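Only one structure is covered here, and it is reproduced in the block below.
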Amino acid sequence: DAKTTQPNSMESNEEEPVHLPCNHSTISGTDYIHWYRQLPSQGPEYVIHGLTSNVNNRMASLAIAEDRKSSTLILHRATLRDAAVYYCILRERGRGETSGSRLTFGEGTQLTVNP
Amino acid sequence: DAGITQSPRHKVTETGTPVTLRCHQTENHRYMYWYRQDPGHGLRLIHYSYGVKDTDKGEVSDGYSVSRSKTEDFLLTLESATSSQTSVYFCAISGGLATGELFFGEGSRLTVL
Numbered sequence: 009d010a011k012t013t014q015p016n017s018m019e020s021n022e023e024e025p026v027h028l029p030c031n032h033s034t035i036s037g038t039d040y041i042h043w044y045r046q047l048p049s050q051g052p053e054y055v056i057h058g059l060t061s062n063v064n065n066r067m068a069s070l071a072i073a074e075d076r077k078s079s080t081l082i083l084h085r086a087t088l089r090d091a092a093v094y095y096c097i098l099r100e101r102g103r104g105e106t107s108g109s110r111l112t113f114g115e116g117t118q119l120t121v122n123p
Numbered sequence: 002d003a004g005i006t007q008s009p010r011h012k013v014t015e016t017g018t019p020v021t022l023r024c025h026q027t028e029n030h031r032y033m034y035w036y037r038q039d040p041g042h043g044l045r046l047i048h049y050s051y052g053v054k055d056t057d058k059g060e061v062s063d064g065y066s067v068s069r070s071k072t073e074d075f076l077l078t079l080e081s082a083t084s085s086q087t088s089v090y091f092c093a094i095s096g097g098l099a100t101g102e103l104f105f106g107e108g109s110r111l112t113v114l
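Structure (structure tokens):
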């Protein structure tokens with residue numbers, strides 16, 4: 009799987025927007041961009057994913073650069089509950105049925121939200 | 002929330018003893034996965050299953066075996082536990098390939114003394 013690069017840590021203030029960057033310069037045309045987050049003492053949880061177009065859901069927005077070499081996860085109003093490690097992961101589209109949804113997690117970005 | 006239950010949630014054992022961790026799902030999802038998480042390494046895939054009796058290795062499969070005799074259960078076995086297998090183990094499930102979304106369990110913390 010192609011590699012992603014994220015900052016080790018970021019800080020934000022409560023109720024302010026947060027932009028979490030991810031670089032993936034070796035992304036292929038068939039790679040989806042997935043974001044997961046992991047709250048303390050919990051398993052990771054899915055946040056959002058996209059391929060080429062920007063995506064929005066109830067949790068966040070995903071902005072994908074036109075050349076797809078980078079993306080940004082946007083939390084519109086950070087809350088204390090958003091303090092977590094955020095993982096940006098590439099998943100190859102079109103894998104065979106025996107491959108499932110295997111994902112390779114990096115170290116992610118530790119987001120701290122200040123009250 | 003996806004119906005995934007891991008057991009036991011915490012276990013302390015001694016080097017050389019066998020250990021089995023169980024992952025149980027109520028979602029009827031086809032794919033199941035075992036990951037381990039260690040400081041400095043993130044989550045690493047151990048084994049996964051793409052159907053009953055169908056399993057394959059992940060990136061850190063040495064020292065682990067798995068079995069899936071029915072859709073809802075995926076067992077991870079350490080035949081002879083070592084201190085290097087002290088870790089937090091996460092089970093995950095996913096359905097079809099369309100979205101690829103993984104749902105994770107709460108984790109099982111294993112300490113091997």
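In the order they appear, the protein sequences are chains A and B. Take the first sequence: its letter number 84 is residue 92 in our numbering, and every next letter is one higher. Take the second sequence: its letter number 89 is residue 90 in our numbering, and every next letter is one higher. The C-beta atom is built at its ideal place from N, Cα and C for all residues, glycine as well. Quantities reported herein were computed from a predicted structural model and do not represent experimental measurements.
Buried versus exposed call for residue i [16 or more other C-beta atoms within 10 Å across all chains shown]
i	result
A:V55	buried
A:D75	exposed
B:V53	exposed
B:T56	buried
B:P40	exposed
B:S109	buried
B:D63	exposed
A:P52	buried
A:L83	buried
B:H118	This structure gives no information on residue 118 of chain B, because the portion of chain B shown stretches from 2 to 114.
A:R66	exposed
CB-CB length for residue i against residue j, believed under 8 Å
i	j	result
A:R99	A:H32	No, A:R99 and A:H32 are not in contact; Cβ-Cβ is about 11 Å, not under 8 Å.
A:T117	A:P15	5 Å
A:L28	A:T80	7 Å
B:S81	B:P19	7 Å
B:V61	B:T87	Incorrect: roughly 14 Å between the Cβ atoms, too far for contact.
Rounded separation between residue i and residue j - CA only
i	j	result
B:S95	B:G101	7 Å
B:K58	B:Y51	11 Å
B:R37	B:L22	12 Å
B:V89	A:R110	18 Å
B:L76	B:C24	6 Å
B:Q26	B:L103	13 Å
B:S83	B:Y32	For the record, residue 83 of chain B in the displayed sequence is Thr; it is not Ser. Going by the C-alpha atoms only, they are around 28 Å apart.
A:M18	A:K77	21 Å
B:I5	B:G106	5 Å
A:I97	B:T72	27 Å
B:A93	B:L44	12 Å
A:A91	A:P48	8 Å
Reduced DSSP secondary structure (H/G/I, E/B, other) of residue i
i	result
B:D74	strand
B:Q86	helix
A:D75	coil
B:D55	strand
A:R110	coil
A:D90	helix
A:I35	coil
B:K12	strand
A:L126	No statement about residue 126 of chain A is possible, as the shown extent of chain A runs from 9 to 123 and does not include it.
A:A68	coil
B:S109	strand
B:V61	coil
B:N29	coil
A:R85	coil
Cβ-heavy atom distance, residue i to the ligand SAH, below 7 Å
i	result
A:R99	Summarising the ligand content, the structure contains no ligands, and the ligand SAH is consequently not present.
Cβ contact (3+ pairs, closer than 8 Å) linking the segment 56-70 of chain B and the segment 10-17 of chain B: no
Is it the case that the segment 71-89 of chain A contacts the segment 11-26 of chain A, given that we only count it when at least three CB pairs across the two stretches are under 8 Å? yes
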